[in-house]
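Here the structure is laid out as structure tokens; the discussion comes afterwards.
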Amino acid sequence: MSQQKYYIWTVGCQMNKADSEKLAAGFERMGLKATDRAERADVVVLNTCSVRQHAEDRAYSKLGRVRDIKKQKPGLKVALMGCMVGLKHDDLAQRFPYVDAFARPQHFEPIVELIEGPAEDLGGEFWPTTYAIPEGPTAFVPVVHGCNKFCTYCIVPYRRGRERSRPVDEIVREVAYLTVHGVREVTLLGQTVEAYGHDLSEKPDLGDLMRELSELERLERIRFLTSYPKDMTPRILEAIAELPKVMECFSLPVQAGSDTVLESMRRGYTRQEYIDKVREVRDLMPGAGITTDVIVGYPGETEADFEQTCGMLEELRFDKVHVAAYSPRPGTIAWRKMENDVPNDVKTERLHRVEEIEHRISQELNDAYVGTLQSVLVEGFRGDQPFGRTRTGKLVHLDTPAREGKLVDVRIQHAGPFSLRGTLEDALTLV
Ligand code: SF4
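If you read the sequence shown in our numbering, its first letter stands for residue 1, the second for the next number, and so on.
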């Protein structure tokens, strides 16, 4: 029998990308071979996202394409994976009868059964001894799965379950493997990454994990996503500030600047508590990169609530604001209990207002980088042009040649709202 080929399509967050990479590594271990065309595959996996309607729409369109392929190729095995798949999926099975297996995020078993894979022990839910094959000098490493927070608008806790942390030694082994295969920077992933460890018997925190990983000689940089203000303890922040390999770069979603909306969202903090947390970070790490997420048009958001969000963005001056208009996600608390009462045109107007603030402030913050010397890890190439990121997470395009995987000093020459451009300092010295 010829070797089976697999095709994995992925949409959504870094966690989904990491899940797909892990599944690909598992497929390779079982003797399957990757193909980049669904038409050539024996097994197709669609790894989906439910966080926004747009992401689901992309999955529906992909499902339609796969249905057509399966008509031509009835033996094709099709699996739907990720956040579109809940504990019960009868409705999905009815709607998409050509899908052969449904797998919740990180629950790979139905897919292994579908391809009649080996019943060997893969070491537990997260396949801890199956390592993703790195594609470059950076890699995502999930360290805590699931979420306990239950924000009203979010489907993640229902799909990814409660928080489960991976043991420190297991993560260290995986990262050591990655560094032997060329990885120089890892991004530690969790829906709320500072929740890491509280469910483990020895209760290590994210700082303890970072200390262990810092000992790995070939590892140059450690990043982490996504932060949650209430879980960011002073102990963790001190570790981030102290450890040279840990980047001073935070993704810290605020979602709204009004206490009324924050309470309605059940975010678990007030406007002032969030502001205090940002100040704590900046006191410890002046110049730290901080990005945030905002939802506009959440149920009940008044003009005055929205003004408070704008005021907060002006005050805290984030490096980047990811803004989305609220859309109800089936199965969430907000979908069950709240009226989606902000008209679409008002949502769009608010979205554009946030974008205007964000573009202006990002440009001003990026302008301050011009003329400075920045340490950049070269992550890859866009065309012939190398690119990488500063410690604070700014994307930098290099105007001089550089080797992938190298840490280089870059003199910043130009700033736009989304990225910087610069030249290697050594190259300048040679001129
Ligand atoms: S913290 Fe809130 S928004 Fe983030 S994953 Fe958990 S429930 Fe969703």
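From the three backbone atoms N, C-alpha and C, an ideal C-beta is built for every residue, glycine too.
According to DSSP, what are the bridge partners of residue i?
{"i": "THR292", "result": "VAL321"}
{"i": "ILE222", "result": "VAL186 and VAL246"}
{"i": "GLN94", "result": "DSSP, once it has assigned bridges, lists no residue as partnering GLN94."}
{"i": "THR48", "result": "GLY82"}
{"i": "ARG164", "result": "HIS145"}
{"i": "VAL156", "result": "Its beta-bridge partners do not exist; DSSP assigns none."}
{"i": "SER201", "result": "According to DSSP, which records beta bridges pairwise, SER201 is partnered with nothing at all."}
{"i": "LEU23", "result": "Bridge partners of LEU23: none, in fact."}
{"i": "VAL43", "result": "TYR6 and LYS77"}
{"i": "LEU398", "result": "GLY422"}
What three-state label does DSSP hand residue i in the structure shown?
{"i": "THR429", "result": "Because the pLDDT at THR429 is just 41, under 50, the model does not fix this residue reliably, and the point stays unresolved."}
{"i": "ASP409", "result": "strand"}
{"i": "THR372", "result": "coil"}
{"i": "TYR7", "result": "strand"}
{"i": "LYS33", "result": "strand"}
{"i": "LEU386", "result": "Before going further, note that residue 386 is Pro rather than Leu in the sequence given. Reduced to three states, the DSSP call for PRO386 is strand."}
{"i": "MET81", "result": "strand"}
{"i": "ASN366", "result": "helix"}
{"i": "THR138", "result": "strand"}
{"i": "SER327", "result": "coil"}
{"i": "SER61", "result": "helix"}
{"i": "GLU170", "result": "helix"}
{"i": "HIS54", "result": "helix"}
{"i": "HIS145", "result": "strand"}
{"i": "GLY311", "result": "helix"}
{"i": "SER419", "result": "coil"}
{"i": "LEU209", "result": "helix"}
{"i": "PHE108", "result": "coil"}
{"i": "PHE381", "result": "strand"}
{"i": "GLN191", "result": "coil"}
{"i": "ARG279", "result": "helix"}
{"i": "HIS89", "result": "coil"}
{"i": "ALA101", "result": "strand"}
{"i": "PRO67", "result": "The amino acid at residue 67 is misidentified as Pro; the sequence shows Arg. It is helical."}
{"i": "SER258", "result": "coil"}
{"i": "HIS414", "result": "strand"}
Measuring only the C-alpha atoms, how far is residue i from residue j?
{"i": "SER214", "j": "GLU238", "result": "14 Å"}
{"i": "GLU194", "j": "SER419", "result": "28 Å"}
{"i": "MET338", "j": "LEU92", "result": "25 Å"}
{"i": "LEU377", "j": "PRO244", "result": "14 Å"}
{"i": "GLY388", "j": "ALA55", "result": "27 Å"}
{"i": "LEU428", "j": "THR372", "result": "Model confidence at LEU428 stands at a pLDDT of 48, short of 50, so the residue's coordinates are unreliable and nothing is read from them."}
{"i": "LYS320", "j": "GLY31", "result": "42 Å"}
{"i": "ALA101", "j": "ARG52", "result": "23 Å"}
{"i": "ILE8", "j": "LEU206", "result": "31 Å"}
{"i": "GLN374", "j": "GLY268", "result": "36 Å"}
{"i": "THR423", "j": "TRP335", "result": "50 Å"}
{"i": "LEU188", "j": "PHE140", "result": "6 Å"}
{"i": "HIS414", "j": "GLY331", "result": "46 Å"}
{"i": "VAL431", "j": "GLN363", "result": "Residue placement at VAL431 is poorly supported in this model, since its pLDDT is 37, which falls under 50; the coordinates are not used for a value here."}
{"i": "TRP127", "j": "VAL370", "result": "45 Å"}
{"i": "GLY300", "j": "THR291", "result": "25 Å"}
{"i": "HIS359", "j": "TYR177", "result": "40 Å"}
{"i": "LEU219", "j": "THR138", "result": "10 Å"}
{"i": "VAL261", "j": "ASP305", "result": "7 Å"}
{"i": "ALA79", "j": "GLU113", "result": "11 Å"}
{"i": "ASP90", "j": "SER61", "result": "20 Å"}
{"i": "VAL11", "j": "GLU356", "result": "27 Å"}
{"i": "ARG221", "j": "THR400", "result": "22 Å"}
If I'm right that residue i touches residue j with Cβ under 8 Å, what's the distance once you round it to whole angstroms?
{"i": "ASP36", "j": "LYS5", "result": "Not quite, the Cβ-Cβ distance comes to about 10 Å (not below 8 Å), so this is no contact."}
{"i": "GLY383", "j": "GLY311", "result": "In fact, because the Cβ distance is near 41 Å, the residues do not count as touching under 8 Å."}
{"i": "ARG403", "j": "LEU365", "result": "At roughly 29 Å, the Cβ-Cβ gap does not stay under 8 Å, so ARG403 and LEU365 are not in contact."}
{"i": "GLY136", "j": "GLY380", "result": "5 Å"}
{"i": "ASP231", "j": "THR192", "result": "5 Å"}
{"i": "ILE133", "j": "VAL45", "result": "Contact doesn't hold; Cβ gap of about 16 Å is too wide."}
{"i": "SER227", "j": "ASP199", "result": "Not quite, the Cβ-Cβ distance comes to about 18 Å (not below 8 Å), so this is no contact."}
CB residue i to CB residue j, shorter than 7 Å?
{"i": "VAL159", "j": "CYS83", "result": "Just to set this straight, residue 159 is Arg in the shown sequence, not Val. Yes, the Cβ-Cβ distance between ARG159 and CYS83 is below 7 Å."}
{"i": "LEU398", "j": "PRO386", "result": "yes"}
{"i": "ARG223", "j": "MET247", "result": "yes"}
{"i": "GLY297", "j": "TYR274", "result": "no"}
{"i": "ILE171", "j": "VAL144", "result": "no"}
{"i": "VAL460", "j": "VAL168", "result": "With the chain running from 1 to 431 in the structure shown, residue 460 is simply not present."}
{"i": "LYS277", "j": "PRO229", "result": "yes"}
{"i": "ALA25", "j": "TYR131", "result": "yes"}
{"i": "PHE150", "j": "LEU23", "result": "no"}
{"i": "PRO328", "j": "ASP293", "result": "no"}
State yes or no: is the C-beta of residue i nearer than 6 Å to some heavy atom of the ligand ATP?
{"i": "LYS149", "result": "You won't find the ligand ATP in this model; what it holds is the ligand SF4."}
Check whether chain D comes within 7 Å of residue i, counting only Cβ atoms and requiring the distance to be less than that.
{"i": "PRO74", "result": "In the structure shown, chain D cannot be found, because there is only a single protein chain."}
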